[in-house]
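In our numbering, the protein residues as written are 2 to 241. A virtual CB, placed ideally from N, CA and C, is assigned to each residue, including glycine. Given the structure is predicted, the values throughout are model-derived calculations rather than measurements.
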């Protein structure tokens, strides 16, 4: 059996990442997969990136927030988001990132795919068409069918929506692990999934676990970042 720890949208929330690691520490994973958005909106970008850098057999891609950080680091203007409370986190992240971690982020692709035990797995942030396309459980089935028709993969892993789900449409498994670091559904617990492949059979388990939110909110306060982030992490809701 091959097992994969599937993460997405950590958003520099290292305390949540540590809690997940503690929860699954007895499991042995063939790969750790992250579907983008490693950084921005929390205060531990270096710790988060270093966690992935130090792990063996990690497969990471960049998401839309990562790409905006890379845009700033390349000296280009930030076009989105427009709200100052959000923009400040992008610039703070760029100022905080250590050079080696910035280079690691720059090295990551926007999509990946690989084959294991005859099962082809694709990893994208939004969809293979658009990194900012928001796929959630209530997206019309016709859209999933369109994606399945154009996919060469039996499993398609994505993030971005922060909405955990597993759908099988036209024999393609669509898997979103939810957000490890910043859930939007009113439940602040970290979200992740475990993907298992055994003799050609695919199974998925989703998990929600608590983490020390106070470590995040105290760090926000120490770094004099907008207070709206405290409420966001304490309540598990979106900024807007």
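Straight-line measurement puts the Cα of residue 200 at about 29 Å from the Cα of residue 37. Contact annotation, residue 41 with residue 66: C-beta distance approximately 4 Å; criterion of less than 8 Å satisfied.
For residue 44, the closest of 205, 161, 95, 144 by C-alpha to C-alpha distance is 95. DSSP places residue 61 within a strand segment (E or B) once states are collapsed to three.
A straight-line Cα-Cα distance of about 12 Å links residue 125 and residue 10. Membership of residue 106 in the alpha helix (DSSP H) is indicated by the continuous run 100 to 108. The closest CA to that of residue 218, considering only 135, 241, 183, is found on 183. Taken through DSSP and simplified to helix, strand or coil, residue 135 comes out as coil. Under the 10 Å beta carbon count, residue 69 is surrounded by 16 or more other beta carbons and is classified as buried. Secondary structure at residue 30: coil, using DSSP grouped into helix, strand and coil.
Between residue 135 and residue 123, the alpha-carbon positions lie close to 17 Å from each other. The C-beta distance from residue 173 to residue 155 rounds to 6 Å, short enough to fall under 8 Å.
Taking residue 213 as the centre and dropping the five residues before and after it, the same chain places the C-beta of 16 closer than 6 Å to its C-beta, in chain order. The beta carbon of residue 89 lies closer than 8 Å to those of 226, 227 in the same chain, with the five residues before and after it left out.
Selection 22, 32, 83 evaluated against residue 117 yields 32 as nearest (Cα-Cα).
Cβ neighbours of residue 238 within its own chain (closer than 7 Å, five residues either side excluded): 185, 187.
Secondary structure at residue 217: helix, using DSSP grouped into helix, strand and coil. For residue 4, the enclosing beta strand (DSSP E) begins and ends at 3 to 8. For the region 136 to 160, the continuous beta strand (DSSP E) assignments of 3+ residues that do not extend past its boundaries occur at 156 to 158, in sequence order. CA-to-CA, the gap between residue 223 and residue 53 works out to about 25 Å. In the three-state reduction of the DSSP assignment, residue 116 falls in the strand class, which pools E and B. Counted as a single uninterrupted DSSP element, the stretch harbouring residue 172 is not any beta strand (DSSP E), since DSSP gives it neither H nor E.
About 5 Å separates the Cβ atoms of residue 193 and residue 21, confirming a contact at the 8 Å cut-off. Comparing alpha-carbon positions, the option among 168, 148, 127, 120 lying closest to residue 5 turns out to be 120. CA-CA distance, residue 197 to residue 3, rounds to 6 Å.
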